[in-house]
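**Student:**
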Amino acid sequence: MTQLGWSQEEFNEEAQRLVSALKGLQKSSSASQEFLRDWLLEVDAKVGHHGGFFLKHPSVTRIIVCVGHQETTETEEEDHPEEKEDAFCDDTILQDDAEVMAEPIAVDTGIDGKSRYHSDHSSSSVLCETRWHFSIVYSNTWKAPILYFTVENMSDNFSPCPRSDVLQILTTFSHYNRVEDAWEFLSHEEHPISRIPSFFLHPCQTLERLQTLLKMQSTTNGTNNGNADSYDCRLLSWLSMILPSVGYSFPSNLFQELQEQLSLPSKEQPQGDPS
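For the sequence shown, this note's numbering gives the first residue as -19, with consecutive numbering after it.
1. Report the rounded CA-to-CA distance for S243 versus L107, giving the unit in angstroms.
2. What residues in its chain sit with their C-beta under 6 Å from that of H182, if we drop five residues either side in the sequence?
3. Which class does S220 belong to by DSSP, given the choice of helix, strand or coil?
4. Pop quiz: S217 and L238 are said to be a contact at Cβ under 8 Å. What is the actual Cβ separation, rounded to whole angstroms?
5. From E(-11), E109, D18 and S119, pick the residue whose C-alpha is nearest to that of S0; which is it?
6. From the DSSP output, in three-state form, read off T110 for me.
7. For S144 and T186, I'd like the C-alpha separation in whole angstroms.
8. Would you mind working out which of F180, V226, S178 and D136 sits nearest I149, comparing C-alpha positions?
9. Tell me the residue span of the beta strand (DSSP E) that contains A232.
10. What is the C-beta distance between F15 and F179, in whole angstroms, given that I count them as a contact (C-beta under 8 Å)?
11. Verify whether the separation of the beta carbon atoms of Q(-4) and F33 is less than 8 Å.
12. I think V131 touches T110, with their Cβ atoms under 8 Å apart; what is that distance to the nearest whole Å?
13. Quick one: grab the DSSP three-state call for S135.
14. Just to confirm, are L5 and C213 a CB contact at a threshold of 8 Å?
15. For I176 and L2, what's the separation of their Cα atoms in angstroms?
16. Once you ignore the five residues that flank E(-6) on each side, which residues in its own chain have a CB closer than 6 Å to its CB?
17. Please state if the CB of R42 and the CB of W122 are separated by a distance shorter than 8 Å.
18. Taking I173 and V117 to be in contact with their CB atoms under 8 Å, please state how far apart those CB atoms are, rounded to whole angstroms.
19. Report yes if the C-beta distance between F(-9) and P125 is below 8 Å; otherwise report no.
20. Let me make sure I understand the geometry here. Which of L127, P38, E240 and I222 has the alpha-carbon closest to that of L190?
21. Kindly identify the DSSP beta-bridge partner or partners of V226.
22. Using the Cα positions of S139 and S39, report the straight-line distance between them to the nearest angstrom.
23. Less than 8 Å between the beta carbons of D135 and H37, yes or no?
24. State the beta-bridge partners of T130 as determined by DSSP.
25. DSSP puts K36 in a beta bridge; with which residues?
26. Select from N137, L127, D24 and Q241 the residue whose C-alpha is nearest the C-alpha of E169.
27. For K195, does the count of other Cβ atoms within 10 angstroms reach 16, so buried, or fall short, so exposed?
28. Using a Cβ-Cβ cutoff of less than 6 Å, which residues in the same chain neighbour F261 once the five nearest sequence positions on both sides are dropped?
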């Protein structure tokens, strides 16, 4: 069995190759599909003598349905400040927070790069524009990558969304993408590099899940279809496993295209630029 916990050096190599493969993928016809593909290679100078890499994605705008809001004028909002406290609602609830389960919402992806989430609610629902920042940082403690993200309510002066709202949003994503437990281990701490308070998906089960996923892929692909030159990028498999938890699908055809890009000799791949 392959050892799944990888070192900082192994993560650095896989991150460089994956960013290069993504650059090649952007020219393909299917690259326009909605998924997080614009990862940038950044350097954390504090890691080791030669620095370590981490991945950072440009901010993403997503429009979420906010249930229970009333469209009011500025004066009405001042007269009824409690209405401002309504949280995001994704037509789903946490098990210990309500008595009735509502229907999950559907998703419609716009060609402008914005993810729109719609429901059949009445006029009491409004669209809340949110901005998300994603990064992937290697954890020395867990010997695995960790996905960090922040969520800002653009409709409320870019204020950070509280954990309860983010949990509700992620619960909806889990319904849409059929993620069984929605990666319920959502934690909050300072980002290890930017020091900005951020959410992250706790990696306590990452290696176990990745091991199961790799075994399934090995069975399905027949050990890379006998291709000795195929590059086994665990970071790619990890991404395909983790992104649905934050509402981004990872279509199988894109996974296959990336795997083909990764299997090209290094000299044929565009080099990642950590600057």
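Glycine residues also receive a C-beta, built at the ideal position from the N, C-alpha and C atoms. This structure is a prediction, so every number in the text was calculated from the model and none was measured.
**Tutor:** Walking through what the data contain:
1. If I take the Cα positions, the gap works out to 42 Å.
2. The residues are F165 and S167.
3. DSSP places S220 in helix when its eight states are reduced to three.
4. So it is not a contact: roughly 10 Å between Cβ atoms.
5. Selected option, being the one with the closest Cα: D18.
6. It is a strand residue.
7. Computed Cα separation, rounded: 23 Å.
8. Measuring C-alpha to C-alpha distances from I149 to each of F180, V226, S178 and D136 identifies V226 as the nearest.
9. Correcting the residue type first, residue 232 is Ser in the shown sequence and not Ala. Note, S232: premise wrong, no beta strand (DSSP E); alpha helix (DSSP H) at S232 to L242.
10. Not confirmed; about 20 Å, so no contact.
11. In this structure, F33 lies closer than 8 Å to Q(-4) by Cβ.
12. Between T110 and V131 the Cβ distance is about 6 Å, and since that is below 8 Å, they are a contact.
13. Three-state result, S135: helix.
14. Cβ distance not < 8 Å, so L5 and C213 don't count as in contact.
15. C-alpha separation (whole angstroms): 27 Å.
16. Excluding sequence neighbours, E(-6) sits near C213 and L215.
17. Taking a C-beta distance under 8 Å as the contact criterion, W122 and R42 do not qualify as a contact pair.
18. With a beta-carbon spacing of about 6 Å, I173 and V117 fall inside the 8 Å limit used to define contacts.
19. Here F(-9) is near P125, since their CB atoms are less than 8 Å apart.
20. For the residues L127, P38, E240 and I222, the minimum Cα distance to L190 belongs to I222.
21. V226 is not bridged to any residue.
22. Approximately 15 Å, taken between the alpha carbons.
23. Before going on, a small fix: residue 135 reads as Ser here, not Asp. It is not a contact, given that the beta carbons lie outside the stated cut-off.
24. Looking at the DSSP output, T130 bridges to H113.
25. For K36, which the question treats as bridged, DSSP gives the partners L20 and S115.
26. With distances taken between Cα atoms, E169 lies closest to L127.
27. Classification of K195: exposed, given that the 10 Å Cβ count is below 16.
28. An answer regarding residue 261 cannot be provided, because it is not within the stretch -19 to 255 covered by the chain.
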